[in-house]
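J.: Numbering (my numbering), first residue to last: 2 to 477.
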Amino acid sequence: MSDAAILWFRQDLRLADHPALAAVAGRPILPVYVLEDGPWAPGGAARWWLHHSLAALGRDLADRGAPLLLLRGDPRRLIPDLAARTGATEIHAGRRTEPAGRRCDAETHAALESAGASLVLHRTALLHQPHQVRTGAGTPYGVYTPFSRNVFALLEGLAPPLPAPERITAVASAPEGLQLDALDLLPRPPQPDWSAGFGEHWQPGEAGAAARLAAFLEHGLAGYADRRNDPGATWGTSGLSPHLHLGEISPRQAWHAARETGGQGLETFLKELLWREFSHHLLWHRPEMPETPLRTEFAGFPWQPDAAQLRAWQRGRTGYPIVDAGMRQLWQTGWMHNRVRMITASFLVKHLLQPWQAGEAWFWDTLVDADLAANAASWQWVAGCGADAAPYFRIFNPVLQGEKFDAAGRYVRRWCPELAALPDRWIHRPHEAPDIVLRGAGIALGRDYPAPVVDLAAGRGRALAAFAAIKGAAAA
DNA sequence: TGAAATGTTGGGGCG
DNA sequence: ACGCCCCAACATTTC
């Protein structure tokens, strides 16, 4: 029997602070990544990121002596097969929260066991353990505030991050690894490829993640509480979401580094990390969350699917500048500011009455940080059908939100440059601007910038009526 | 991690 | 000086 082990990378594409990697320290290992198909396989923008992240991990692993093996297919067959070929009896990996991943892991483990091997899971992606954290009543959490209070207390004893191993010994009989000149297995860019410009904004991979965290701690953390809601601010947010999603940096590294830096914005930042935990907690206990409203009365909600309305939203042509700026930032960079995600999502679901799943699907395809748990939980929160959701009648007015959070129009002018010459007074409401102002700014509505796709008051009224229609339907 | 409608208050113009 | 009206400004309620 060999003491060789397989290290199966999933959403933990790093070498530092990797408990599964640490668990096999000193043993010959075969690092492997499996590209899996399935209903929630990575979308277009996420595939761009994954491509570069795997290439970076492959380089780092090769440098340390154990090239990454990249496979495509069904792990329930591939992993036991690899175990047999290498003689490994232990396969180490990070625990997953996605329903398909959990099912796959359970079945892979069963297949391994019948061959005398096992799949050993570690906490690599989260700060808390969804299967262990419970309310006083023994039930899973459904409300953020008590959840965060409990987890905050638990994390007082959080162990420090683990160092990256300096050398990794490869198994003797390793199949051919990932070659940088043979990248054809790597995820393909989307077709048509809108991801060409993403590289100007992001550096996927563990080194890029570490650089991003360091820069945020230096420039962003102190002012985080004040600036995180200003979408035009320079260091308003951490920009860590895509790095965290693929585990190029662990939440534990971010948690400890932020606490060591300390200062004004610390609590706010830690709370945001816990929102990520909460989403995964919800998905663990409510695996239907990506497809089905958590509040059952929403099953009969009178959505009004409309391809043209959805299209206008997707392409940033709704006629409401803060919405259009957000959707264009998403398209051009693979990312959107959190405040603007809420505004655009609310607009789609409430003013346009499009099903939240349509927005969820678009974000899934276009966000580089698309995360099944966070995406589903957030859309349900906005739509009002989530466990801890905003009341349905809480409807964001995109004009007022724009004026409140982007008062100087910095964000709108950046992503909707055709509006740049409008004075601040009208930058969030071009449809109300006097003709002379529009002419002065060189804008003809309907030609240079769209007229509104919906009247805000009418859209609001329609949304409230739709909500009233399902009110009290739960008992039926 | 709302917005709009409605209600209340108080200063100031005015007869 | 006084009552009346207007209407910000703020508070409350309703969706």
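Glycine included, every Cβ here is placed at the ideal spot set by N, Cα and C. Since we're looking at a predicted model, the values are computed, not measured.
Please check the pair R28 and D61, which I expect to be a contact at CB under 8 Å, by giving their CB distance rounded to whole angstroms.
T.: The pair is not a contact, with the Cβ atoms about 19 Å apart (cut-off 8 Å).
J.: With a threshold of 6 Å on Cβ separation, who are the neighbours of A421 within its own chain once the five nearest residues in sequence on each side are excluded?
T.: So the list reads R414, once near-sequence residues are dropped.
J.: Hey, out of R135, R342, A67 and P424, whose CA is closest to A384's CA?
T.: Comparing Cα-Cα distances from A384 to each of R135, R342, A67 and P424, the minimum goes to R342.
J.: My understanding is that V324 touches T345, with C-beta atoms under 8 Å, so please give their C-beta distance in whole angstroms.
T.: 5 Å between Cβ atoms; contact.
J.: Taking all protein chains shown into account, decide if T136 is buried (16 or more other Cβ within 10 angstroms of its Cβ) or exposed.
T.: Classification for T136: exposed.
J.: Rounding to the nearest angstrom, what Cα-Cα distance links L241 and D436 in this structure?
T.: Cα-Cα distance, rounded: 43 Å.
J.: Taking one C-beta from the stretch 115-135 and one from the stretch 399-407 each time, how about it: are there three or more such pairs within less than 8 Å?
T.: Because the criterion of three Cβ pairs below 8 Å is not met, the stretch 115-135 and the stretch 399-407 do not touch.
J.: Under a three-way DSSP split, which group does A464 fall into?
T.: Here A464 sits in helix by DSSP.
J.: In this structure, does DSSP put R329 in helix, strand or coil?
T.: R329 falls in the helix class under three-state DSSP.
J.: State yes or no: is the C-beta of D75 nearer than 7 Å to some heavy atom of the ligand HEM?
T.: You won't find the ligand HEM in this model; it holds no ligand whatsoever.
J.: Between which two residues does the alpha helix (DSSP H) holding R86 run?
T.: First-last of the alpha helix (DSSP H) with R86: P76 to T87.
J.: Tell me the DSSP bridge mates of F10?
T.: DSSP, once it has assigned bridges, lists Y34 as partnering F10.
J.: How is H202 classed by DSSP in three states: helix, strand or coil?
T.: Here H202 sits in coil by DSSP.
J.: Would G248 and D13 qualify as a contact pair, given that the criterion is a beta-carbon distance under 8 Å?
T.: Yes, the pair counts as a contact, with Cβ atoms nearer than the cut-off.
J.: Under 8 Å between the Cβ atoms of F486 and I471?
T.: The structure shown does not extend to residue 486, since the chain is modelled only from 2 through 477, so no value can be given for it.
J.: Return the chain-ordered list of same chain residues with a C-beta closer than 6 Å to the C-beta of R430, the five sequence neighbours on each side being excluded.
T.: Correct list, in chain order: V400.
J.: Going straight from the alpha carbon of G263 to that of A160, what length do you get?
T.: Computed Cα separation, rounded: 18 Å.
J.: DSSP state of Y225, grouped into three classes?
T.: It is helical.
J.: Which stretch, first to last residue, makes up the alpha helix (DSSP H) that contains G441?
T.: First-last of the alpha helix (DSSP H) with G441: D436 to G441.
J.: Tell me which same chain residues have a C-beta within less than 8 Å of the C-beta of L69, skipping the five on either side of it?
T.: Closer than 8 Å at the Cβ level, and outside the excluded window around L69, lie F10, P32, V33, Y34, L55, L58, G59, L62, A63, G178 and L179.
J.: Skipping 5 residues on each side, what residues in its chain have a beta carbon closer than 6 Å to that of S149?
T.: Contacts found: L275.
J.: Are the Cβ atoms of P117 and A371 separated by less than 8 Å?
T.: The sequence shown places Gly at residue 117, not Pro. No, the Cβ-Cβ distance between G117 and A371 is not below 8 Å.
J.: Taking G95 as part of the alpha helix (DSSP H), name the residues at either end of that continuous run.
T.: From DSSP, G95 is part of no alpha helix (DSSP H) but of the beta strand (DSSP E) over E91 to G95.
J.: When DSSP labels each residue in this structure, what does A26 get in the three-state scheme?
T.: Three-state result, A26: coil.
J.: If I'm right that A101 touches I92 with Cβ under 8 Å, what's the distance once you round it to whole angstroms?
T.: 18 Å between Cβ atoms; not a contact.
J.: Could you name the residues that DSSP lists as bridge partners for S119?
T.: Looking at the DSSP assignment, S119 forms a beta bridge with E91.
J.: Between H132 and P20, how many whole angstroms is the CB-CB distance? I'm expecting something under 8 Å.
T.: Not quite, the Cβ-Cβ distance comes to about 16 Å (not below 8 Å), so this is no contact.
J.: Which full runs of the alpha helix (DSSP H) of 4+ residues lie inside the stretch 353-435, going along the chain?
T.: Qualifying alpha helix (DSSP H) stretches, in chain order: 357-367, 373-384, 399-406, 411-416 and 425-428.
J.: Tell me which same chain residues have a C-beta within less than 6 Å of the C-beta of D182, skipping the five on either side of it?
T.: Unreliable positioning characterises D182 in this predicted model, as indicated by a pLDDT of 46, which lies under 50. The coordinate reading is nonetheless provided below. Taken in chain order, the list of residues that qualify is empty.
J.: Select from R329, G360 and H282 the residue whose C-alpha is nearest the C-alpha of D307.
T.: Closest by alpha carbon: G360.
J.: Does DSSP put H19 in a helix, in a strand, or in coil?
T.: Three-state DSSP puts H19 in coil, outside helix and strand.
J.: Comparing alpha-carbon positions, which option in A362, L284, D425 and P193 lies nearest A442?
T.: Closest option to A442, Cα to Cα, is D425.
J.: In three-state terms, what does DSSP make of R104?
T.: The answer is helix: DSSP assigns R104 an H, G or I state.
J.: Taking its Cβ as the centre, do 16 or more other Cβ atoms sit within 10 Å of S379, making it buried, or is it exposed?
T.: With 16 or more Cβ atoms within 10 Å of its Cβ, S379 is classed as buried.
J.: Using DSSP with H/G/I as helix, E/B as strand and the rest coil, what is V455?
T.: Looking at V455 - three-state DSSP - the assignment turns out to be coil, as it is neither helix nor strand.
J.: Do you know how far the Cα of D227 is from the Cα of G410?
T.: Each residue's alpha carbon lies about 17 Å from the other.
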